[in-house]
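**Q** Under the UniProt record's numbering, the first residue of the sequence shown carries the number 1, and numbering increases by one thereafter. Glycine included, each C-beta is placed from N, C-alpha and C at the ideal position. The structure presented is a predicted model; accordingly, all values stated were derived computationally and were not measured.
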Amino acid sequence: MINLTGSVTISAGGITTQQEEIDLEAADFSDALMWLKDGKKVARRGWNGENQFCWLVPEGQYPARMEAIKGYFPGDLVPYGAYFALKNAQGVVVPWVPSVGDLLACDWFVVE
């Protein structure tokens, strides 16, 4: 959940309203998940490796490349479900599952 730091006044089209200001330094995994579902890349300030980030890969299919699986799926297209991918500190992309520490952390941000 995004932490709120106070309220700001917003005026548009003759309508004035009070809206809470968001503290982007305290975004938790629910915020990160929302951003991931919106197609953004996210990372944590607490991660050790530089230039690491993750994103949501939507379900899809890819051509079978290994002999072990060729001929098993129709058209040799292997279906896969959605998953999180991580570009790690070594520059390699791997499937990723958030740890308990990641799920409880409040240091998530969107990578531009």
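State the CB to CB distance for the pair W35 and V110, rounded to an integer number of angstroms; the pair is presumed to be in contact (CB under 8 Å).
**A** Going by Cβ atoms, the distance from W35 to V110 rounds to 5 Å, so yes, they are a contact pair.
**Q** Classify P58 as helix, strand or coil using the three-state DSSP reduction.
**A** When DSSP states are grouped into helix, strand and coil, P58 belongs to the coil group.
**Q** In the DSSP assignment, the alpha helix (DSSP H) including A32 goes from what residue to what residue?
**A** F29 to K37
**Q** For G49, which residues of its own chain have a beta-carbon under 7 Å away from its beta-carbon, when the five flanking residues on both sides are left out?
**A** Apart from sequence neighbours up to five positions away, the residues of its chain that approach G49 with a beta-carbon distance below 7 Å are N88 and A89, ordered along the chain.
**Q** Do K41 and F53 count as a contact pair if the criterion is CB distance below 8 Å?
**A** yes
**Q** Does DSSP put A82 in a helix, a strand or coil?
**A** Collapsing the DSSP output to three states places A82 in coil.
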